[in-house]
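With mature numbering (1 follows the signal peptide of the UniProt record, and there is no 0) as the guide, the letters of the sequence shown map in order to residues -24 to -1, 1 to 418.
Don't be surprised by glycine CBs; every beta carbon is placed ideally from N, CA and C.
Given the structure is predicted, the values throughout are model-derived calculations rather than measurements.
Comments concern the structure below.
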Amino acid sequence: MRNNTKRISLLCGLLLCLIGLSHAQGPNVPALPAVNKQSMKDFMDLRFGMFIHWGPVTLRGTEIGWSRNRQVAQNDYDSLYKEFDPVLFDADAWVKTAKDAGMKYIVITAKHHDGFCLWPTAYTKYNIMQTPFKKDVVGALAKACKKYNIKFGIYYTVLDWYERSYPVHNDGKGMAPDGDMNKFVQYMKSQLKELIDNYHPFLLWFDGNWEQPWTNEYGKDIYAYLKKLDPTLVVNNRLGKGDHVTLSDQSVGDYATPEQKIGKLNMSFPWESCITICNQWAWKPNDAMKPLKQCISTLALTAGGNGNLLFNVGPMPDGRMEARQVKQLKAMGDWLKQNGASIYGTLGGPFTPDSSFASTRKGNKIYIHLLNASNKHLTLAAIPGVHIQKAYSITGTPISVTENATSIELQIPDTLVADANDTVIVLEADKSVEDIPVMARN
Ligand code: H79
């Protein structure tokens, strides 16, 4: 009797499970591989990376993502590779620039929308070996990253204006009759396998998911394919359709990707803002560069929102990064040498950031980022159940702190020399502050 009841309840459980699964996935659709939690934690702990947009288009100084058939005629654009000879390219120099900036990872545009490949792929001739330069840029960077202990990531867009199987050639003619998405997705898979096998990226950064021929189903198929090749891979959310700034059950990918804007604070899904140091993604002569204070604020505000910053540099057609940009990045690195504990491996919050304030936290410490430190008195909301025992600047100057039922009052002494970019103050609590729900600053 007992056994029978057991059997029936087991059967019922199994049936419910199956019904549940078929509801969630639809018939015959295999479940997506789970997000690799350890890879995601390791990735989000890095906080600061370098995006690199590069290719033959730099010879014209126009945008890689949309100047073909706009500022540069298609025939001209598609012939630029014949002149691309960046003789001063030095992978070590690029990676060292990232390292000196305090960046922990790099993502290079192995293939952008124009279809040109920066590595010697076996699947199209439209690649770096057909240029006068003839050197594997992706391979050289992967190697240099290993040497300098920088994580190596690859950008690969899901659209392609050059490859004939892709159904939209960006020539104003709409969908091309010679397009064949199934063939194109096979081309993608071949190239992605080649990239993974040869360069072992820790992260793949997809783009172009808004294109009409792209579907969520293709995204899921590629996601499953990639995770089979390397279960530790981190993949951004642009493999699926939908907006870039959120991550939901419907997303295909591991984290959200706000573009040219700082993501909003949330403790429920990971994100990385990609933002340019100048205006263009690819190099443009005399492009306006953001001031140092804005660069450092951007980093503090992304960390304060619990996100990463992928900061973009576009190297020149001769292979070098611009000296003024290298100098600016080094200044960010100098700031991080002093203040890195308030960025790397932290969580955002608990206080909601605003344009001149951010907070980050780790263990029993809260780091307050004052992006405009002219005010010597600071009032923060008291944190329920938590006592602040001590406050000091990250440079070691003690700060007087008093607490009452509703607020934490900080008095910054005149002796503390403010950092014009971001003055960091450390609050030490009597217990871990990592699980405090997000709250208003005061
Ligand atoms: O790789 C970088 C960009 O090249 C790529 N995403 C980042 C990471 C990107 N490709 N396309 N887009 C971003 C959005 C394109 C917007 C456009 Fe437009 C609308 C291109 C043409 C119409 C805005 C308005 C830019 C030109 C006109």
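Cβ neighbours of residue i in the same chain (closer than 8 Å, five flanking residues each side left out)
i: alanine 358; result: Glu379, Asn380, Ala381, Thr382, Ser383, Ile384
i: leucine 241; result: Gly280, Gly281, Asn282, Gly324, Gly325, Thr328, Pro329, Val414
i: phenylalanine 109; result: Phe60, Asp61, Pro62, Val63, Phe65
i: isoleucine 130; result: Val83, Ile84, Ala86, Val114, Leu171, Tyr175, Pro177, Leu179, Leu180, Trp181
i: isoleucine 253; result: Met265, Lys266, Cys271, Phe287, Asn288, Val289, Gln301, Gln304, Leu305
Reduced DSSP secondary structure (H/G/I, E/B, other) of residue i
i: threonine 252; result: strand
i: glutamate 385; result: strand
i: phenylalanine 178; result: coil
i: serine -3; result: With a pLDDT of only 34 at serine -3, under the threshold of 50, the placement of this residue in the model should not be trusted; the figure read from the coordinates follows. DSSP places serine -3 in helix when its eight states are reduced to three.
i: alanine 200; result: helix
i: valine 409; result: coil
i: proline 261; result: coil
i: glutamate 193; result: helix
i: tryptophan 137; result: coil
i: arginine 214; result: helix
i: proline 32; result: helix
i: aspartate 183; result: strand
i: glutamate 170; result: helix
i: alanine 358; result: coil
i: threonine 85; result: strand
i: aspartate 228; result: Reading off the sequence shown, one finds valine at residue 228, where the question assumed aspartate. Coil.
i: threonine 346; result: Residue identity differs from the one stated: residue 346 is leucine in this sequence, not threonine. Leucine 346 falls in the strand class under three-state DSSP.
i: tyrosine 99; result: coil
i: phenylalanine 160; result: helix
i: asparagine 146; result: coil
i: methionine 292; result: coil
i: isoleucine 319; result: coil
Beta-carbon contacts of residue i that lie in its chain and below 6 Å, excluding the five residues immediately before and after
i: proline 189; result: Pro143, Met157
i: serine 15; result: Thr208, Val210
i: threonine 373; result: Leu392
i: tyrosine 53; result: Arg44
i: aspartate 183; result: Thr133, Arg214
i: arginine 23; result: Ala279, Asn284, Ile319, Tyr320
i: alanine 405; result: Asn340, Val362, Ile364
Straight-line Cα distance separating residue j from residue i
i: lysine 17; j: valine 400; result: 24 Å
i: glycine 361; j: glutamine 314; result: 31 Å
i: alanine 334; j: valine 161; result: 42 Å
i: glutamine 236; j: asparagine 255; result: 9 Å
i: aspartate 154; j: glutamate 139; result: 10 Å
i: valine 377; j: serine 332; result: 21 Å
i: proline 234; j: proline 389; result: 38 Å
i: threonine 278; j: lysine 72; result: 23 Å
i: serine 141; j: lysine 149; result: 15 Å
i: glutamine 304; j: glycine 321; result: 23 Å
i: asparagine 103; j: threonine 97; result: 7 Å
i: tyrosine 201; j: serine 166; result: 11 Å
i: leucine 275; j: tryptophan 42; result: 27 Å
i: lysine 203; j: asparagine 348; result: 44 Å
i: leucine 168; j: glutamate 193; result: 17 Å
i: aspartate 411; j: glutamine 387; result: 26 Å
i: asparagine 212; j: alanine 232; result: 6 Å
i: phenylalanine 128; j: histidine 353; result: 43 Å
i: methionine 243; j: lysine 80; result: 22 Å
i: valine 11; j: serine 249; result: 20 Å
i: cysteine 121; j: aspartate 68; result: 8 Å
i: serine 350; j: threonine 191; result: 51 Å
i: serine 224; j: aspartate 230; result: 10 Å
i: lysine 111; j: isoleucine 40; result: 20 Å
i: serine 55; j: lysine 101; result: 13 Å
Cβ-Cβ separation, residue j to residue i (assumed contact under 8 Å), whole Å
i: residue 438; j: glutamate 187; result: A query on residue 438 cannot be resolved here, the shown segment of the chain reaching from -24 to 418 and no further.
i: phenylalanine 27; j: phenylalanine 287; result: 7 Å
i: lysine 266; j: glycine 37; result: Contact doesn't hold; Cβ gap of about 19 Å is too wide.
i: glycine 31; j: leucine 94; result: 7 Å
i: isoleucine 370; j: leucine 403; result: Isoleucine 370 to leucine 403, Cβ: 11 Å. No contact.
i: glycine 316; j: glycine 78; result: 6 Å
i: tyrosine 99; j: tyrosine 199; result: Not quite, the Cβ-Cβ distance comes to about 20 Å (not below 8 Å), so this is no contact.
i: glutamine 226; j: glycine 218; result: 6 Å
i: asparagine 185; j: glycine 216; result: 7 Å
Cβ-based neighbour list, residue i, same chain, cut-off 7 Å, excluding 5 preceding and 5 following
i: aspartate 272; result: Reading off the sequence, residue 272 comes out as isoleucine, not aspartate. Result list for isoleucine 272: Met308, Trp311, Asn397, Asp398, in chain order.
i: lysine 75; result: Tyr124, Ile126
i: methionine 20; result: Pro246, Asn284
i: methionine 292; result: Thr34, Trp259, Glu298
i: lysine 196; result: Leu8, Val228
i: glutamine 50; result: Arg44, Asp147
i: lysine 407; result: Asn340, Val362
i: tryptophan 137; result: Arg44, His89, Asp90, Gly91, His145, Asn146
i: glutamine 106; result: Tyr57
i: histidine 220; result: Asn213, Arg214, Ala232, Thr233, Pro234, Glu235
Below-8 Å beta-carbon distance, residue i vs any chain D residue
i: tyrosine 343; result: The question asks about chain D, but that chain is absent: this structure has only one protein chain.
Heavy atom of ligand 2 within 7 Å of residue i beta-carbon
i: isoleucine 40; result: Of the ligands one can find in the structure shown, namely ligand 1, none is ligand 2.
**Prompt:** Between the segment 402 to 417 and the segment 334 to 343, do at least 3 Cβ pairs fall closer than 8 Å?
**Reply:** yes
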